[in-house]
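Enquirer: Below is a structure I'd like to ask you about.
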Amino acid sequence: MRNPLVRGCCRATLAALIACAAGVITADPAASFGVAEETDPTRPRPADRVTTSASREPDAINYDRDIRPILSDRCFKCHGPDAATRQAGLRLDERESVTEARDGRTAVLPGRAEDSELWRRIASDDPAEVMPPPDSNKRPLSPSERELIRRWIEAGAEYTPHWSFVPPQRPTVPEVENEDWCVTPVDRFILARLEAEGATPSPEADRATLIRRLFLDLTGLPPTPEEVEAFETDERPDAYERQVDHLLNEEPYRTRHAERLALPWLDAARYADTCGIHMDAGRQMWAWRDWVLTALKENAPFDRFLTEQLAGDLIPNATDAQKIASGFNRNHVTTDEGGAIAEEYLVEYAVDRAATTGAVFLGLTLGCARCHEHKFDPISQEEFFSFYAFFNSIEEPGLYSQLPDPNRAFEPFMLVPTEAQNRDRAELKDRLDKARADLNLSSPEEAALLETFLARTSEELGVAWTPARVIEAKSTGGATLTVQPDGSVLASGENPKQDDFVITLGFDEADSRVLLLEALRDPSLPTGDIGRAFNGNAVLTGVEAEAISVRDRSERKPVRFVWAWADHEQPDGDYRVVNLLNTEDDLGWAVDAHRRDENRVALLLAEEAFGFDGGTELVVRLEHRSIYDEHTLGRVRLTPGRIRDAALARLPVAVGGWYVVGPFPVDDREKAFDAAFGPETDAILDLKRNFGAGNQYWRFEPTFLDERPNVLPDGVNVSYVARRVYNPACRAFDLSLGSDDGLRVLLDGAEVFANRVERGVAPDQDRVLLHLRPGEHVLTMTIVNTGGPAGFYYRAIPNPDELSGLLVGALLPQSALDAGLRSRVAEAWKTAFSPEYRRRREQITELEKRSAELEAAIPRTMIMQELPAPRETFVLTRGQYDKPDRNRPVSRGVPAALGKMPDGAPLNRLGLAQWLTSAENPLVARVTVNRYWEMFFGTGLVRTSDDFGHQGEWPSHPELLDYLAVEFRESGWDVRRLVRLIVTSSVYRQGSRAREDLREKDPDNRLLSYYPPRRLPAEGVRDLALYVSGLLVEKLGGPSVKPYQPEGLWQEIAMPQSNTREYVRGAGEDLWRRSLYTYWKRAAPPPSLLTLDAPTRESCVIRRASTNTPLQALVTWNDEQFVEAARVLAQRTLAEPGDDEHRLARLYRRCTGRSPDADERASLSEALSYFRRRYAADTDAAAALVEIGESPTLTGVEPAELAAWTMIANAVLNLHATLTQG
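Residues in the sequence shown are numbered consecutively from 783, following this note's numbering.
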């Protein structure tokens, strides 16, 4: 018999629909979402019920089942495992402690309750004596709880190990009287308890209810009317079992089953598409989600499922799929907050991994032992950090950078190319290899011209290099400087954090103008590179020089350098060589030696010639004063040289990096172009000057590049970008610029160009010719934005008379032109003067661009990756990252109460996985089968599926739990077999009507005398609406999608620079994919799903909360997704043949799985008539209703008719019978 309460809800909803539409009442959310209290499996238990009547035999007292939960809840905080908070030295969790005499009193005297201090205290009425004390915020023991403790003491106060910490053994399947009811061994365990309580199971549900229950549980989607009818008419005795096998093993159901099983796993694994903290930036992890789906679809054994997620990267010769699986423990939140402390978040990440692993696989609250001993479970702080140590050596930064790309993956990560992408990569590689091999093919004539250029350029410019000898070399920081036979100076010995090299050269020329600095590799240096830092890099922050006359040492002259060039500069910051010309900013020239194994050269041009007749000593100070400790050059050679003044015009203009200040908001867009905020008058670039409120300083912007549009903050505002320009000789400097919107160009604080315009930025919008005198200049561009996006573009027009870029290398002496630099100079010459080479180079550039685009399009996913050596791990005092107790080092290990690592297992995550899946592990199999039981019955055999520790609830059927655990493990961890065992049982097939005869004895249905009905999960509610309407797009996996969502939600909570500030709704299929694939922003999860009790996924969630609020009804009645589904369902119904009665019945059956009864048919007909009248009288409202959603609206039907059917469909989608599986 169907549940009359459910029927009543459906009728109430239909009646409410009519009244609501008429403006009489507001829809009652309980009509849609309420589960009758008598059948609600999540209803709170009475305050004094520690274990339900269904879980305790009436006479026997079991410490672990009956007594420990009381003591753990009320007493362990002060008398439990945590020594730091233990009072009076008494541990109530250990028999030795409670039976030990203290000051003439004993907490427990076995067999003598009245003489036991424990009984005296809990039975006392004296506030000064009673336990727990009134100020402890603990509930006093109820009379029944006190009686249990009294009986336990009288019975001998025996202690038993906590049930879940003892490895499960296969129990004997019980004998039962009603054997005919039992289909699987599961039924015998359930029936044995029912018969012991004098109860019987409920009759089997009718076939329509049963098939709908099975479809929703196994696939997350309801059956079609045709599928219901086929099952109802299938008279074969094994029809149900055949249906189960069909859903588990055949497509498309097998894929749907994987999607259904994946949903709670994503909650537990805290899977999401954003990082969760500060910027809540987007990141790619969907490849891990797809790995989960594939594993579940292929019925991967659970031990492999666990191992590959916990340690797939550590498996010898790990496949890409196994590495992807390891992303399970990269799903946690991460931070990119400026000012955050990396070391702190490295600890937080490792703590999260340890706590999540403990919760998901062990069902324990391990994280409670981070700051102190666990208050309830036998897990010490040392044991927590030993477990934490498995996860504390991942090759990751604690603080991630802020990047605009919402599709990045946070390191460590791997590329996950498709087969097509791999084919394209291989093809592009072959073409690139051939093009690069052909690049340097040149004719004899071209080769001769190149040699002529290299030989004659120095002569044409009058460049001559003067042999110089090193007179003295010393270090101000204590390093040892040794002159080498080739005239270079090698540093050794001490390597101070900062150091200056003072090198004195002697030479005879009196008219030197340039200084050549060579930074040379040497095998004695770290990694054999240029610098003395651990990675071989170096940063030179300044070069000062003074010329001294040999004839008259009182004759001295400072040498001021005004132009600089280098063959290479480190590209990931402001490390240009021109920084040597301005030492006030503490910047410098970084040689990038840790990434490019080559010598480096730099040319410095003096403002005027230096040297004296009769000989010169040149004292050169090389300053290493950067923020990077020990980044000094290791071996240098200095050579002075001459250059004709007339040749200086052939040297290129040298420019510094881009700096930006702003934006400065402007209230009136019409006045924005004339607004001034200070930077436009600057003749120097003062990085320490504050331009007003908000700490507006010039700041270096590494993302700004020449010859491409650069983005600035949007809005009505003014931004300034500027760079230093170093010019060796008078010249015209030709620029091509662009801006969004208006543009003003200033040179040394004087305006030289203005264009008041509104436009989007593009290349080559304005041409500006600057007339530069020799020396340093500041070029400033004022970008005036009148709304929307902003940006600028910059390109210097090449001057064919200049030696641009690496062509300057032609001026170097042969000793400085090693093979690598000579090749690069030759390449620069060919680019400038060889049409054939340029054609080949352009071909390579195009292929490289396509290759880069392909690489950027390849999906990425975050993975685990161990450091070369494990980090030292210590107990952290109070769990604080910066308070390691160095007297308490820990090594990797597991809590002693749970056993020990298997012999021979490696002490890493792979060994940990072996321990978790071993037969000696007491928890993993139990926790896992309990979670599947919870999936199918709403509540686990252990109700507290997230806590199998002392605070957890005793199992309702302990023997059944152990039977399932052992059966699961011994079957090869076969998930599909476990699922089949559960859903083919008679207990699963029972009807869902609440049992009046057991209401008092078993109010929570822990005996499982009937099937517990429950509302669909959030994703199930949405997916059902899409499926029955025909909108659902079924496609396995792929990037997360963005369906309908109210506008502006992300902006409300996002930082202005966040790459997930704007929600850009998807189109087409993206709107109608299963909810599993919805983009999950942690700070603002999908609002409809969140309202329907989906978690935020900021942390591991084992059990979802279940609430019943008016907001939920508002979502399913009014959300665009649901209204569109109702309209398309109405269209689908109208496209079917038959009269109103047939169509209404068909619509109802499609949603609920059954046909409406006479009263429901009457209510539906009455509602349809009402809405026809309403929308016939208000055609505008009808037209507006049927246009909701992106799917096409049915043509050939009057909007009023479609609107009326849309309202009926909406009502049926909101019925209790639709939203509940029973």
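Just so it is clear, CB atoms sit at the ideal spot from N, CA and C, and this is done for glycine as well.
Classify VAL817 as buried or exposed, calling it buried when 16 or more other Cβ atoms lie within 10 Å of its own Cβ.
Expert: Note that VAL817 has pLDDT 33, beneath the 50 cutoff, so the model's placement of it is unreliable and no number is given.
Enquirer: Can you name the start and end residues of the alpha helix (DSSP H) that ALA1384 belongs to?
Expert: Looking at the DSSP string, ALA1384 is not in any alpha helix (DSSP H); the run it does join, the beta strand (DSSP E), is 1382-1392.
Enquirer: Using three-state DSSP, classify SER1408 as helix, strand or coil.
Expert: It is coil, neither helix nor strand.
Enquirer: With distance defined between alpha-carbon atoms, name the residue in VAL958, ALA1051 and GLU1584 nearest to THR1138.
Expert: Comparing Cα-Cα distances from THR1138 to each of VAL958, ALA1051 and GLU1584, the minimum goes to ALA1051.
Enquirer: Quick one: what's LEU1494 bridged to in DSSP?
Expert: Paired residues: ALA1572.
Enquirer: Does the distance from the CB of VAL1325 to the CB of ILE1285 come in under 8 Å?
Expert: No, these two residues do not count as a Cβ contact at 8 Å.
Enquirer: Counting only the same chain and skipping the five closest in sequence on each side, list residues whose C-beta sits under 6 Å from that of THR1264.
Expert: Excluding sequence neighbours, THR1264 sits near LEU1272.
Enquirer: Ignoring anything shorter than 3 residues, give me the beta strand (DSSP E) runs that lie fully in the segment 1476-1551, in order along the chain.
Expert: Fully enclosed beta strand (DSSP E) runs of 3 or longer: 1492-1494, 1498-1509, 1513-1522, 1524-1529 and 1532-1537.
Enquirer: How big is the Cα-Cα spacing for ASN844 and SER918?
Expert: One C-alpha to the other measures close to 27 Å.
Enquirer: Flag this pair as touching only if the segment 1417-1437 and the segment 1289-1303 have three or more C-beta atom pairs under 8 Å; answer yes or no.
Expert: Yes, since at least three Cβ pairs between the segment 1417-1437 and the segment 1289-1303 fall closer than 8 Å, the two stretches touch.
Enquirer: Which runs of the alpha helix (DSSP H), 4 residues or longer, sit entirely within the segment 1731-1795?
Expert: Runs found: 1740-1752, 1757-1765 and 1768-1771.
Enquirer: Tell me whether VAL1443 sits in a helix, a strand or coil according to DSSP, three-state version.
Expert: DSSP places VAL1443 in strand when its eight states are reduced to three.
Enquirer: Anyone know if the C-beta pair for PHE947 and ALA1679 falls short of 8 Å?
Expert: Closer than 8 Å, so yes.
Enquirer: In chain order, what residues of the same chain lie with their CB nearer than 7 Å to the CB of ARG1218, ignoring the 5 residues before and after it?
Expert: Cβ neighbours of ARG1218 beyond the five flanking positions: ILE1626.
Enquirer: Which residues does DSSP list as the beta-bridge partners of LYS1216?
Expert: For LYS1216, which the question treats as bridged, DSSP gives no partner whatsoever.
Enquirer: Going by DSSP, name the residue or residues bridged to MET1061.
Expert: For MET1061, which the question treats as bridged, DSSP gives no partner whatsoever.
Enquirer: Could you tell me the boundaries of the alpha helix (DSSP H) in which ALA1974 lies?
Expert: Here the sequence assigns Pro to residue 1974, which means Ala is not the residue at that position. No alpha helix (DSSP H) contains PRO1974, which DSSP labels as neither H nor E.
Enquirer: Out of THR1239, PRO851 and SER906, point me to the one whose CA is closest to ALA1592's CA.
Expert: The residue with the shortest Cα to Cα distance from ALA1592 is THR1239.
Enquirer: On a CA-only basis, which of ASP1334, VAL1711 and ARG1606 is nearest LEU1232? Give me that one, please.
Expert: Closest option to LEU1232, Cα to Cα, is ARG1606.
Enquirer: Evaluate the contact criterion for the segment 1215-1230 versus the segment 1642-1654: three or more CB pairs, one atom per stretch, below 8 Å.
Expert: Verdict: no, contact absent.
Enquirer: Specify, as a first and last residue, the run of the alpha helix (DSSP H) that ASN1669 falls within.
Expert: First-last for ASN1669: 1666-1672, but that is the beta strand (DSSP E), not the alpha helix (DSSP H).
Enquirer: Does the count of Cβ pairs from the segment 1530-1537 and the segment 1579-1597 closer than 8 Å reach three?
Expert: Short answer: they don't touch.
Enquirer: For LYS920, collect the residues of the same chain with a Cβ closer than 7 Å to its Cβ; drop the 5 residues on either side in sequence, then sort them by chain order.
Expert: Within the same chain, LYS920 has close Cβ partners ARG856 and PRO914.
Enquirer: My understanding is that MET1415 touches GLY1313, with C-beta atoms under 8 Å, so please give their C-beta distance in whole angstroms.
Expert: One detail in the question is off: residue 1415 reads as Leu in this sequence, not Met. With 8 Å as the limit, LEU1415 and GLY1313 qualify as a contact, their Cβ atoms being about 6 Å apart.
Enquirer: Could you tell me the alpha carbon to alpha carbon distance between PRO1799 and VAL1026, rounded to whole angstroms?
Expert: Going from the Cα of PRO1799 to the Cα of VAL1026 covers about 21 Å.
Enquirer: Going straight from the alpha carbon of CYS791 to that of GLU1090, what length do you get?
Expert: With a pLDDT of 40 at CYS791, under the threshold of 50, the modelled position of this residue cannot be trusted; read the value that follows with caution. Cα-Cα distance, rounded: 46 Å.
Enquirer: Compute the Euclidean distance between the alpha carbons of PHE1473 and VAL1503, then round it to the nearest angstrom.
Expert: About 14 Å.
Enquirer: Helix, strand or coil: how does DSSP classify THR1659 here?
Expert: THR1659 falls in the helix class under three-state DSSP.
Enquirer: Skipping 5 residues on each side, what residues in its chain have a beta carbon closer than 7 Å to that of ASP1522?
Expert: Correct list, in chain order: ARG1541, GLY1542, VAL1543, ASN1567, PRO1571, ALA1572 and GLY1573.
Enquirer: What residue range is occupied by the uninterrupted alpha helix (DSSP H) comprising MET1989?
Expert: It spans 1981-1995 - the alpha helix (DSSP H) in which MET1989 sits, taken as one unbroken run.
Enquirer: Looking at the unbroken alpha helix (DSSP H) that takes in PRO967, where does it start and where does it end?
Expert: Taken as a continuous stretch (DSSP letters only), the alpha helix (DSSP H) holding PRO967 covers 967-978.
Enquirer: Would you say PRO1545 and GLY1520 are within 8 Å of each other, going by their C-beta atoms?
Expert: Yes. Within cutoff.
Enquirer: If we count the other Cβ atoms within 10 Å of its Cβ and call it buried at 16 or more, is ARG1377 buried or exposed?
Expert: By the neighbour-count rule (16 or more Cβ atoms within 10 Å), ARG1377 is not buried but exposed.
Enquirer: Take ALA1100 and list the residues in its own chain whose beta-carbon comes closer than 8 Å to its own, dropping the five residues that flank it on each side.
Expert: Around ALA1100: GLY1094.
Enquirer: With DSSP as the reference, please indicate the residues paired to PRO1226 in a beta bridge.
Expert: Beta-bridge pairing links PRO1226 to no other residue.
Enquirer: Just mark GLU1227 as buried or exposed, buried being the case when its beta carbon has 16 or more other beta carbons within 10 Å.
Expert: Flag for GLU1227 reads exposed.
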